[in-house]
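Just below is one structure, and these are the notes that go with it.
Residue numbers (the UniProt record's numbering): 1 to 271.
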């Protein structure tokens, strides 16, 4: 039998007589198996076959053969979708900023951040070290701040040689607050936290304490803490503290805020 349009399109092997579109078998795509008439949605793959589920919940497996399915009445070849690449996860530094891949540390700039001692410097390095190396800012420990004003004068700060200073126990009426008041250079920012020592800026639960011990005034604070918690030497206690710090989440907010202000001060320079 012939039609006015030419040869009967159903005669012979009709699956091979034209180009059959290929369609990704995405989840929930509704297709019909051309041979059996089973119609269902794509719900997965097993042993190289697509799994279809009909509206009654019945499931059947069908090989992914050429021209084996109908989509909206059109013959198609189903193919398994290519696996999507998992987007790379953004790595964060210990300070919570986005890590920049492929960037090496800059040569040290003239600006500096000073901290009171080696414990302060180690804690700052643990949390903000990656950020400071990218910015080329060096952190230097002082031996206390009793001679801070003279040290600042010797440093000779300027618009492109800024100085940031992190001070322990910076609270109104303290000795530290009186020392800081003597520093008035506009290119120097002195800020700090309210804790007696930088140890106390670490959240106590990180080192297994409910709270930091209260040490009477006039008694060496670190030695008093060690005695209260049963640790023989301050060096042993410090190793325990530093080992408990992995990111900004392990320290108190006043320390975080102070350090972020200092980093901005020494890195955001005038044009």
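Glycine residues also receive a C-beta, built at the ideal position from the N, C-alpha and C atoms. Given the structure is predicted, the values throughout are model-derived calculations rather than measurements.
Quick check on the burial criterion: 16 or more other C-beta atoms within 10 angstroms. Buried or exposed for residue 118? Locating residue 118 in the chain shown gives position 118, where the first residue counts as 1. By the Cβ-count criterion, residue 118 is exposed, with fewer than 16 other Cβ atoms from all chains shown falling within 10 Å of its own Cβ.
What beta strand (DSSP E) runs, 3 residues minimum, are completely inside the UniProt domain "DUF3097" (22–81)? Complete beta strand (DSSP E) runs here, min 3: 22–24, 30–33, 39–46, 49–53, 59–63, 69–71 and 74–79.
Residue from 42, 168, 139 and 225 with nearest C-alpha to residue 310: For residue 310 there is no data in the structure shown, the boundaries of the chain being 1 and 271.
Counting only runs that start and end within the UniProt domain "DUF3097" (111–267), where is the beta strand (DSSP E) found for 3 or more residues in a row? 112–115, 138–141, 163–167 and 188–192
Going straight from the alpha carbon of residue 210 to that of residue 109, what length do you get? Numbered from 1 along the chain shown, position 210 holds the residue referred to as residue 210. Numbered from 1 along the chain shown, position 109 holds the residue referred to as residue 109. Straight-line Cα distance between these residues: approximately 41 Å.
Express the C-alpha separation of residue 203 and residue 64 in angstroms, rounding to a whole number. To locate residue 64, count along the chain shown from 1; it is residue 64. To locate residue 203, count along the chain shown from 1; it is residue 203. Using only the alpha carbons, I get a separation of about 59 Å.
Residue burial classification, residue 192 (beta-carbon count within 10 angstroms, cutoff 16): Stepping through the chain shown from its first residue, residue 192 is reached at position 192. The residue is buried, with at least 16 neighbouring Cβ atoms inside 10 Å.
Neighbourhood of residue 159 by C-beta distance below 8 Å, restricted to the same chain and skipping five residues each side: Working through the chain shown from its first residue, we reach residue 159 at position 159. A distance below 8 Å between beta-carbons, with the five flanking residues on each side excluded, links residue 159 to the following residues of its chain, in chain order: 187, 269 and 270.
Give the straight-line distance between the Cα atoms of residue 261 and residue 27, rounded to the nearest whole angstrom. Looking up residue 261 in the chain shown gives position 261. Looking up residue 27 in the chain shown gives position 27. So the alpha carbons of these two residues sit roughly 50 Å apart.
Cα-Cα separation, residue 248 to residue 129: For this step, residue 248 is matched to residue 248 along the chain shown. For this step, residue 129 is matched to residue 129 along the chain shown. Cα to Cα, residue 248 sits roughly 12 Å from residue 129.
Best match in 147, 139 and 171 for proximity to residue 162 [C-alpha to C-alpha]: Locating residue 162 in the chain shown gives position 162, where the first residue counts as 1. It is 139.
Under the three-state reduction of DSSP, which class applies to residue 269: helix, strand or coil? Mapped onto the chain shown, residue 269 falls at position 269. Coil, per DSSP.
Own chain residues within Cβ distance below 8 Å of residue 79, not counting five before or after: Taking the chain shown and counting its residues from 1, one reaches residue 79 at position 79. The answer, listed in chain order, is 22, 23, 24, 25 and 64.
Buried or exposed: where does residue 57 fall if 16 or more other Cβ atoms within 10 Å of its Cβ makes it buried? Mapped onto the chain shown, residue 57 falls at position 57. Classification of residue 57: exposed, given that the 10 Å Cβ count is below 16.
What do you get for residue 72, buried or exposed, if any count of 16 or more other CB atoms within 10 angstroms of its CB means buried? Within the chain shown, the letter at position 72 stands for residue 72. Its Cβ having fewer than 16 others within 10 Å, residue 72 is exposed.
With a CB to CB cut of under 8 Å and the five nearest residues on each side skipped, what residues in its chain are close to residue 84? In the chain shown, the residue the question calls residue 84 occupies position 84. Cβ within range, chain order: n/a, list empty.
Quick check on residue 14: buried or exposed, where buried means 16 or more other Cβ atoms within 10 Å of its Cβ? Your numbering for residue 14 matches position 14 in the chain shown. Residue placement at residue 14 is poorly supported in this model, since its pLDDT is 48, which falls under 50; the coordinates still yield a value, given next. It is exposed - the Cβ of residue 14 has fewer than 16 other Cβ atoms within 10 Å.
Closest by C-alpha distance to residue 238, when choosing among 41, 219, 206 and 215: Your numbering for residue 238 matches position 238 in the chain shown. Comparing Cα positions, the closest option is 206.
On a Cα-Cα basis, can you pick out the residue from 166, 219 and 197 that is closest to residue 212? Numbered from 1 along the chain shown, position 212 holds the residue referred to as residue 212. Selection 166, 219 and 197 evaluated against residue 212 yields 197 as nearest (Cα-Cα).
Measuring CB to CB, does residue 165 end up less than 7 Å from residue 199? The residue you call residue 165 lines up with position 165 of the chain shown. The residue you call residue 199 lines up with position 199 of the chain shown. Contact: no.
Do residue 49 and residue 38 count as a contact pair if the criterion is CB distance below 7 Å? Numbered from 1 along the chain shown, position 38 holds the residue referred to as residue 38. Numbered from 1 along the chain shown, position 49 holds the residue referred to as residue 49. Against a cut-off of 7 Å, the Cβ pair of residue 49 and residue 38 comes out as no contact.
At the level of alpha carbons, what is the spacing between residue 208 and residue 29? Here residue 208 refers to the residue found at position 208 when the chain shown is read from its first residue. Here residue 29 refers to the residue found at position 29 when the chain shown is read from its first residue. Distance between the alpha carbons of residue 208 and residue 29: 54 Å.
With 16 as the cutoff for other CB atoms within 10 Å, does residue 168 come out buried or exposed? Indexing the chain shown from 1 puts residue 168 at position 168. Within 10 angstroms of the beta-carbon of residue 168 lie 16 or more other beta-carbons, which makes it buried.
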